[in-house]
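Before any comments, here is the structure.
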Amino acid sequence: MTIPYSQLELAPSLAKAVAEMGYENMTPIQAQAIPVVLTGKDVMGAAQTGTGKTAAFSLPLLQRLLKHENPSTSPAR
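Residues in the sequence shown are numbered from 31 upward in steps of one, following our numbering.
Below is the structure:
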């Protein structure tokens, strides 16, 4: 079963970056982990090298960070 990244409802900027990199569908480890991590739950997963574990961790992390993005163009003091 193939699940597209578009089903994740990622932030538009993040979804655009994923698409621009040429990724369309999640790997099995991503399809199992990302939706759970996006809800704020912890996940422990194991998969072979090259199966997308880094994206399974980093996409939800980036999604959460974007929620706290500061639109100000001036530096923080």
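No residue lacks a Cβ here, since even glycine has one placed at the ideal position from N, Cα and C.
Worksheet item: Within the chosen definition, does the region 81–92 reach the region 55–72 through at least 3 CB pairs nearer than 8 Å?
Response: They touch, by the three-pair rule.
Worksheet item: Counting along the chain, where does the alpha helix (DSSP H) carrying E50 start and finish?
Response: Here the alpha helix (DSSP H) through E50 covers 42–50.
Worksheet item: What span of residues does the alpha helix (DSSP H) with K83 cover, start to end?
Response: DSSP places K83 in the uninterrupted alpha helix (DSSP H) bounded by 83–96.
Worksheet item: What's the call for P90, buried or exposed, on a 16-neighbour Cβ count within 10 Å?
Response: It counts as buried.
Worksheet item: Where K97 and Y35 are concerned, what is the direct C-alpha to C-alpha distance, given to the nearest angstrom?
Response: Straight-line Cα distance between these residues: approximately 19 Å.
Worksheet item: In or out: A76 buried (at least 16 other Cβ within 10 Å) or exposed?
Response: Under this definition A76 is an exposed residue.
Worksheet item: Since Q37 is in the alpha helix (DSSP H), which residue starts that stretch and which ends it?
Response: According to the DSSP assignment, Q37 belongs to no alpha helix (DSSP H), since it is labelled neither H nor E.
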